[in-house]
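To start, the structure itself, in structure tokens.
Protein chains: 2
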Amino acid sequence: MSAEKNLTGVRRSRPRGTADGKDKATARDELRTAILAGEYMPGERLVEAQLIERFGVSRFNIRLALQDLAGEGLVEIQRNRGAHVRKISLAETIEITQVRMVLEGLVAAQAADRVTEAEASELDEIGLLMRRAVEAGEFRRYSDLNQRLHGLIRKIGAHATADRLIGTLRAQLARHQFMLSLLPGRPAVSLPQHERIITAIRDRDPAAAETAMREHIASVVEVLRSLEDTPAAHG
Amino acid sequence: MSAEKNLTGVRRSRPRGTADGKDKATARDELRTAILAGEYMPGERLVEAQLIERFGVSRFNIRLALQDLAGEGLVEIQRNRGAHVRKISLAETIEITQVRMVLEGLVAAQAADRVTEAEASELDEIGLLMRRAVEAGEFRRYSDLNQRLHGLIRKIGAHATADRLIGTLRAQLARHQFMLSLLPGRPAVSLPQHERIITAIRDRDPAAAETAMREHIASVVEVLRSLEDTPAAHG
DNA sequence: GTTCGCACGATTGTCAACAATCAGTTTCCT
DNA sequence: AGGAAACTGATTGTTGACAATCGTGCGAAC
């Protein structure tokens, strides 16, 4: 048998399949998940040694992961001072949401151009579930459906460049995002907006889809602006 | 005398500012400039050893610089295969330009909200110079003014988040950008578009400013779409 | 009691050697 | 000859050690 041809190498761990680097990528993803889950609070220091211990990755890869997350705007690296979870001000939250508004508007318009019958049905179904969730007062479920709807629209729009940017922007807002949908009266306002978006895309009306999406997110911006005067809302 | 005092309080050679001390940031900036200047063609391999020799920076910093530029979408790093200048397809160029369209539209709208008298005059002046440049057939000058106009609008709009994204997107298109403004008949088409943008901002009309900016860049998208059928336009 | 300077510990930045991997070529067997 | 396994040179990935830097606590001078 040719068992011996193997003995020169230590076991090569076969970088399986799609193989983006294993270590750096996993470290980055796990750290991002941890930050988004709130395990590290904004402003908190990310000490390399601690991350090494927690994720079991070499310092080199931890460093690369931090570098990547800095590029995504999730952490901030100051020379000789290490990495912190980036703190995002309310003003910046508004800016980011504005950018999301125009990007998701673009994607919605393109989705209206490309939507198939099957996808239209899926949209309708989500719309129905949303209505039921609101009527039943299931806000958490509504929030999930909200994400699913936006995700489906992004899938239909198939705009890789916009998708990537929206993804990083959403990540930056992950914490605030959650807060918003729980504001009193919010679902009652946003449900009809969502339904308008769905209708426009189903009707293959790009302009209407973009307008509806923008109005929807613009109303979020308005809520954020109203918070600018009530500074207690930060925590 | 007390010579030993010196060894702790050693004078830092203050690599602080823009001294010739080559670090990661300078390496990154110089490499980016080189790529944008066309010294490395799309798809060309960026061998670390060569970059070390060219920029006189350690491999470590070269590596970090490449990593950064990968984050900006200028180079692509494949594991164990090194870094290449990222090739941007025509389809992707269209996507990027679409994103630029909505982002610069957003910035233009905000610029119309915030423009001061002095800035309005500056806009008018650029508009005048543009008209003269077109009439005189000075296309290169027109192209420069074009960039200056868009830059001024970004400055007036003061939308940090959108600005940053627009910057990286523009960098990705740097090569094509240049080509576009030299297409026959392009200035004649874009000049009135620019003038409409300027007028709308000067009149403090955000909606009109956004519309004008979007129409302007949409026409660029149309040109790009028309190229999709004439594959010879790639080189 | 306060302030300034200074050494110290903790943490990050950098480097050079080592290991792994890839692309191209050679060799060997059929 | 033809194709696959195996070498070779070049290039990239990773590790551990070392240097630079920052924040802090102690002590001396006033």
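Protein chains in written order, with the numbering used here: chain R, 1 to 235; chain P, 1 to 235.
C-beta atoms are modelled at their ideal positions from N, C-alpha and C, and glycine is treated no differently.
Predicted, not measured: the structure shown is a model, and the values here were computed from it.
Item	Value
Run the CB neighbour count on Val206/P, radius 10 Å, all protein chains shown included, and call it buried at 16 or more, exposed below.	The sequence given here has Pro at residue 206/P, not Val. Buried: at least 16 other Cβ atoms inside 10 Å.
Helix, strand or coil, according to DSSP, for His239/R in the structure here?	Beyond the ends of chain R as shown, which are 1 and 235, falls residue 239/R; an answer cannot be given.
Going by beta-carbon coordinates alone, are Thr199/R and Ala208/R separated by less than 9 Å?	yes
If I measure Cβ to Cβ from Phe55/P and keep anything under 6 Å in the same chain, skipping five residues before and after, which residues do I get?	Ala27, Glu30
Note down, in chain order, all residues in the region 134–168 of chain P with a beta-carbon under 7 Å from any beta-carbon belonging to chain R.	His159, Ala160, Thr161, Ala162, Leu165
What are the partner residues of His84/R, as DSSP defines its beta bridges?	Arg45/R, Glu76/R
Considering Cα atoms alone, identify which of Thr116/R, Glu53/R, Ile201/R, Val221/R is closest to Leu173/R.	Val221/R
List the residues of chain R whose Cβ lies closer than 9 Å to the Cβ of Gly71/P, in chain order.	Gln67, Asp68, Ala70, Gly71, Glu72
How would you write the range of the alpha helix (DSSP H) that Leu224/P sits in, first residue to last?	206–227
Let's test the definition: count the other Cβ atoms within 10 Å of the Cβ of Ser226/R and tell me whether it reaches 16, buried, or not, exposed.	exposed
What does Gly105/P touch in chain R if you count any residue whose Cβ is under 7 Å from its own?	Val102
For Ala91/R, count neighbouring C-beta atoms within 10 Å of its own C-beta (all shown protein chains included) and say buried if the count is 16 or more, exposed if not.	exposed
Once the 5 residues before and after Lys24/R are set aside, which same chain residues still bring their CB inside 7 Å of it?	Asn61, Leu64, Ala65
Please state whether DSSP places Gly167/P in a helix, a strand or coil.	helix
When you compare the CB of Leu224/P with every CB in chain R, is at least one pair closer than 9 Å?	no
Below 6 Å CB to CB, which residues in the same chain sit around Gly21/R once its five sequence neighbours on both sides are set aside?	Bear in mind that the predicted position of Gly21/R carries a pLDDT of just 40, short of 50, making it unreliable; the figure below should be weighed with that in mind. Result list for Gly21/R: empty, nothing under 6 Å.
Could you work out which residues of chain R lie near Glu92/P, taking near to mean beta carbons separated by less than 9 Å?	Ala160, Thr161
Please list, in chain order, all residues of the same chain as His159/P whose beta carbon is under 6 Å from its beta carbon, the five residues on each side excluded.	Val107, Gln110
What residue from Ile35/R, Leu69/R, Thr230/R, Ala218/R has the CA that sits closest to Arg100/R's CA?	Ala218/R
Please classify Gln50/P as buried or exposed, where buried requires at least 16 neighbouring CB atoms within 10 angstroms.	exposed
Got a sec? Which residues, its chain only, sit under 7 Å from Ala34/R by beta carbon, not counting five neighbours each side?	Tyr40
How big is the Cα-Cα spacing for Asp124/P and Ile166/P?	23 Å
Tell me, to the nearest whole angstrom, how far the beta carbon of Met213/P is from that of Glu117/P; I am working on the premise that it is less than 8 Å.	Their Cβ separation, rounded to whole angstroms, is 21 Å, which puts Met213/P and Glu117/P out of contact at 8 Å.
Mind reading off the beta-carbon distance from Leu169/P to Ile96/P? Whole number of angstroms is fine, and I expect it under 8 Å.	5 Å
Name, please, each residue of chain R whose Cβ falls closer than 7 Å to the Cβ of Ile96/P.	Thr161
Would the region 80–87 of chain R and the region 119–135 of chain R be scored as touching if the rule is three or more Cβ pairs under 8 Å?	no
Quick one: grab the DSSP three-state call for Val115/P.	coil
If we count the other Cβ atoms within 10 Å of its Cβ and call it buried at 16 or more, is Arg154/P buried or exposed?	buried
Using a Cβ cut-off of 9 Å (strictly closer), state whether Leu123/P contacts chain R.	no
His194/R to Leu183/R, Cα distance in whole Å?	17 Å
By DSSP, does Gly21/R sit in helix, in strand, or in coil?	Low confidence applies to Gly21/R: its pLDDT is 40, below 50, so where it sits in the model is not reliable, and the reading given next is rough at best. Coil at Gly21/R, not helix or strand.
At a CB distance below 8 Å, what residues from the region 42–64 of chain R approach chain P? Give them in sequence order.	Leu64
Can you name, in chain order, every residue of its own chain whose Cβ lies under 6 Å from the Cβ of Ala255/P, other than the five neighbours on each side?	The requested residue 255/P does not occur in the structure, where chain P is confined to residues 1 to 235.
Kindly say whether Val189/P, judged by its beta-carbon, lies nearer than 9 Å to any beta-carbon of chain R.	no
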